[in-house]
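Remarks on the structure that follows.
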Amino acid sequence: MLIKDIGEQGLLEIVKGFCPSEIVGDDAAILAVSGDESLVITTDMLVDEVHFSDRTTSPFDVGWRGAAVNLSDLAAMGAFPIGITVALGITDNKTVSWVEQLYQGLTTCLNQYQTPIVGGDICRSAVTCISITAFGRVNPKLAIRRSVARPGDKIIVTGDHGDSRAGLELLLHPELGAELTANQRLSLIQAHQRPQPRLDIVPKLQNFLASHPQTTIAGMDSSDGLADAIVQICRGSQVGAKIQRPQIPISQALKTFVSPQQAVHWALYGGEDFQLVLSAAADIAEIVVEYLGKTATIIGEITANPDILLIDDAEPSTIEKLSLSRGFQHFAPITGS
1 MLIKDIGEQG
11 LLEIVKGFCP
21 SEIVGDDAAI
31 LAVSGDESLV
41 ITTDMLVDEV
51 HFSDRTTSPF
61 DVGWRGAAVN
71 LSDLAAMGAF
81 PIGITVALGI
91 TDNKTVSWVE
101 QLYQGLTTCL
111 NQYQTPIVGG
121 DICRSAVTCI
131 SITAFGRVNP
141 KLAIRRSVAR
151 PGDKIIVTGD
161 HGDSRAGLEL
171 LLHPELGAEL
181 TANQRLSLIQ
191 AHQRPQPRLD
201 IVPKLQNFLA
211 SHPQTTIAGM
221 DSSDGLADAI
231 VQICRGSQVG
241 AKIQRPQIPI
251 SQALKTFVSP
261 QQAVHWALYG
271 GEDFQLVLSA
281 AADIAEIVVE
291 YLGKTATIIG
301 EITANPDILL
311 IDDAEPSTIE
321 KLSLSRGFQH
331 FAPITGS
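Counting in this note's numbering, the sequence shown runs from 1 upward without gaps.
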């Protein structure tokens, strides 16, 4: 049996078997330490020609994205960042300037959140890759987990979805988007090159949970796509969901760039938007949205039926099942751009 035969999800299930079941399964691991806070740890890797390329991403933006990916995982756990380590595998024909710009991008993103680089490693590699481990802190009673969604919960998302995928399309095909204004084009490209992890949401979530001690909020980030996040939360909580297609937040720039159908597809499966996807009990969901501000939108609800459906009340016949297979998966056959 080859890895391509079982795919990314199958391989993850095998690897999880070597880890404590009570620790793995979320965006990051929470490890108990002394005091009222736990240590939160996450690791992500960026590989040349898989996660970035010279065609679409400057070394500065590779660094920015590397930091953002990991900080987003901490935000998804409701954690505050402490620091990161960086392991860099690099070809010997890369310029010194490339490495300097990479670290400039890393630190520029990190400095927004007072997060230092505290160590790492460098080695020669046949392919350039950056592996980052981020450390955070959280009161375990206030942590956000995938496994606590319950039937009747409302599903809440922050920000718009689909912009990063649109930005990638514009970078790969700069002749597209003639109908976009200069600001719209820039906003879509920046969504891809310099995403903003939603650490701004963390203090609000922590304050809300601290003032509502009987409340639990499930969640994760949408780095692999909105559909992926919803499916993963449902799997972790052994529930299903109904998502209202018209409620999915899509920016005006994306609506201008592509058809409504394409915009929804990219919102669900495009990935790398690094927003948060949450669920909360119906009686407090509106309060949560008001607490988080204009950045948050209710898009559906958790169901006891395990099916995960995309629906539109105005068009009852258009029902679609959400699936992990329609988004990006490592080891899956590569199609299109």
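Yeah, the Cβ is synthetic: ideal placement off N, Cα and C, and Gly gets one too.
Given the structure is predicted, the values throughout are model-derived calculations rather than measurements.
Touch check for the region 82-91 and the region 126-136: three-plus C-beta pairs under 8 Å?
yes
Would you call the region 147-165 and the region 113-121 touching, i.e. three or more CB-CB distances under 8 Å?
no
DSSP on L180, reduced to helix/strand/coil?
coil
Element boundaries [beta strand (DSSP E), containing G300]
296-303
Which listed residue (D163, Q206, D221, V50) has its alpha carbon closest to that of T215:
Q206
In whole angstroms, what is the alpha-carbon distance linking I334 and Q261?
Because I334 sits at a pLDDT of 43, beneath the cut-off of 50, its placement in the model cannot be relied upon, and the following sentence gives the value as read from the coordinates. Cα-Cα distance, rounded: 22 Å.
Please look up how many angstroms separate the CB atoms of E37 and R137, rounded, as I've assumed it's under 8 Å.
5 Å
Which runs of the beta strand (DSSP E) fall wholly inside the region 37-76 and span at least 3 residues, in chain order?
38-47
Per DSSP, which residues does A241 bridge with? Please list them.
I302, I308
Buried or exposed by the 16-neighbour rule on C-beta atoms within 10 Å, applied to C109:
buried
Provide the residue span of the alpha helix (DSSP H) that contains I6, from first to last.
3-16
If we call anything under 9 Å between Cβ atoms a contact, is L74 one with V47?
no
With DSSP as the reference, please indicate the residues paired to K154 in a beta bridge.
A280, E301
Bounding residues of the alpha helix (DSSP H) (the contiguous stretch that carries A29)
Per DSSP, A29 belongs to no alpha helix (DSSP H); it is in the beta strand (DSSP E), 29-32.
Quick one: which unbroken alpha helix (DSSP H) runs of 4-plus residues sit fully inside the region 171-220? Chain order, please.
182-193, 202-211
Taking only three categories from DSSP, how would you classify I90?
strand
C-alpha distance - Q190 paired with E179, whole-angstrom precision:
18 Å
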